[in-house]
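S.K.: Before I ask anything, here is the structure I am working with.
Residue numbers (this note's numbering): 30 to 344.
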């Protein structure tokens, strides 16, 4: 079992965080530090990757535009700078390296169309965003591989908003109504755009959601090779579903934290034992992560959380 983090971290010392995750974690990752501005958060990072689609930052958030706006160009410049730092701090790195990107459904639920309201409301626009994102992620994988040639790239697709999209819980621009729910075949199509592009680029697609009732069957069917989730939100009634996808070859990455690494390790052991799997079956495939990002913690607390996770995997 290895240890990693979801992706977001506090503060603005990007180089220091990169150095920390490379030194401390068995699965290091390219961090996101949203405190540095809108272009550094999960949505801003995804906007920076869009291929052929313009966007700019408005009072209500990111909005699609005819051409790249100043804020999108700044987000791209910041990402390029971060990759420079990553390259410098990972000299000689071999093994897996994780990068994160906002998934297509969380992205269209967060972004607006040129004339307002969410991209989610427009079938054509959301399909275009998914295709643009998939192309941009593939190019991003190629760039990271060029800069860190010894790494095997893992792409974590963040979909914290997927459950709300499926349940029709995303509010309209007025805040009065809700957008229509998206059915599983439509959700699968956009997710598959991304997983197919990631695989074609030679990387491994995994997905993370810190919401309750993660649609694990949908996600495994869309081509993700691992599912990262908040273990504290998994209900006993869902255990059979988690066991089925694990048995089908999809790895499970439980997210959990505790003040004591021993207690944390016992929680993970108990979960997989309750699924009906012995340690030999799950231990080599599991990755321990945090439940969600750590941007809301202090820098010292965030690092302590990750260290405890790393220690739990070594017990």
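Beta carbons are placed, not taken as given, at the ideal position from N, Cα and C, and that holds for glycine.
Look at residue 89 and residue 157 and say whether their C-beta atoms are less than 8 Å apart.
M.R.: Not a contact, by the Cβ cut-off of 8 Å.
S.K.: Among 147, 65 and 242, whose alpha-carbon lies nearest the alpha-carbon of residue 104?
M.R.: Comparing Cα positions, the closest option is 65.
S.K.: Determine the direct distance from the alpha carbon of residue 50 to that of residue 161, and round the result to whole angstroms.
M.R.: In a straight line, the C-alpha of residue 161 is about 30 Å away from that of residue 50.
S.K.: Over what stretch of residues does the beta strand (DSSP E) that includes residue 147 continue unbroken?
M.R.: Where residue 147 is concerned, there is no enclosing beta strand (DSSP E), given that its DSSP letter is neither H nor E.
S.K.: Mind checking who residue 87 pairs with in its DSSP beta bridge?
M.R.: Beta-bridge pairing links residue 87 to 90.
S.K.: How long is the line joining the alpha carbons of residue 203 and residue 316, rounded to whole angstroms?
M.R.: Going by the C-alpha atoms only, they are around 41 Å apart.
S.K.: With distances taken between CB atoms, is the gap from residue 284 to residue 248 smaller than 8 Å?
M.R.: No, the Cβ-Cβ distance between residue 284 and residue 248 is not below 8 Å.
S.K.: Grab the span of the alpha helix (DSSP H) containing residue 133 for me, first residue to last.
M.R.: It spans 133 to 139 - the alpha helix (DSSP H) in which residue 133 sits, taken as one unbroken run.
S.K.: Starting from residue 101 and walking both ways along the alpha helix (DSSP H), at which residues does that stretch end?
M.R.: Unbroken alpha helix (DSSP H) run through residue 101: 99 to 118.
S.K.: So for residue 353, helix, strand or coil by DSSP?
M.R.: The chain is shown from 30 up to 344; residue 353 falls before or after that span and cannot be answered.
S.K.: What does DSSP give as the partner residue(s) for residue 126 in the beta ladder?
M.R.: BP columns for residue 126 point to 182.
S.K.: When the Cα atoms are used, what is the spatial distance from residue 55 to residue 333?
M.R.: About 15 Å.
S.K.: In terms of residue numbering, what span does the alpha helix (DSSP H) encompassing residue 24 cover?
M.R.: What is shown of the chain runs 30 to 344, which leaves residue 24 out entirely.
S.K.: Measure the alpha-carbon distance for residue 234 versus residue 245 and round it to whole angstroms.
M.R.: Residue 234 and residue 245: Cα-Cα distance of roughly 14 Å.
S.K.: For residue 190, which of 180, 327, 211 and 101 has the nearest alpha-carbon?
M.R.: It is 211.
S.K.: When you compare only the Cα positions, how much space is there between residue 169 and residue 178?
M.R.: The straight-line gap from Cα to Cα measures roughly 14 Å.
S.K.: Does residue 214 pass the burial test, meaning 16 or more other C-beta atoms within 10 Å, or should it be called exposed?
M.R.: Under this definition residue 214 is an exposed residue.
S.K.: Per DSSP, residue 67 is paired with what?
M.R.: For residue 67, which the question treats as bridged, DSSP gives no partner whatsoever.
S.K.: Residue 99: buried (16+ other C-beta within 10 angstroms of its C-beta) or exposed?
M.R.: Exposed, by the Cβ-count rule.
S.K.: What are the residues that DSSP puts in a beta bridge with residue 32?
M.R.: Note: residue 32 sits in a beta bridge opposite 317.
S.K.: Might you give, ordered along the chain, the residues of its own chain that have their beta carbon closer than 8 Å to the beta carbon of residue 200, omitting 5 neighbours on each side?
M.R.: Same-chain partners within the cutoff: 206, 207 and 208.
S.K.: So who's on the other strand from residue 280, going by DSSP bridges?
M.R.: Bridge partners of residue 280: 255.
S.K.: Figure out for me which residue from 323, 322, 297 and 320 has the closest Cα to the Cα of residue 311.
M.R.: It is 297.
S.K.: Using a Cβ-Cβ cutoff of less than 7 Å, which residues in the same chain neighbour residue 327 once the five nearest sequence positions on both sides are dropped?
M.R.: Closer than 7 Å at the Cβ level, and outside the excluded window around residue 327, lie 39.
S.K.: Can you give the Cα-Cα distance for residue 117 and residue 196, rounded to whole angstroms?
M.R.: In a straight line, the C-alpha of residue 117 is about 44 Å away from that of residue 196.
S.K.: Could you check the C-alpha separation between residue 225 and residue 155 for me, to the nearest Å?
M.R.: So the two alpha carbons sit approximately 17 Å from each other.
S.K.: In whole angstroms, what separates the C-alpha of residue 53 from that of residue 47?
M.R.: So the two alpha carbons sit approximately 10 Å from each other.
S.K.: Would you mind sorting residue 257 into buried or exposed? The rule is 16 or more other CB atoms within 10 Å of its CB.
M.R.: So residue 257 ends up on the buried side.
S.K.: Using only the alpha-carbon positions, how far apart do residue 314 and residue 306 sit?
M.R.: For residue 314 and residue 306, the distance between alpha carbons rounds to 12 Å.
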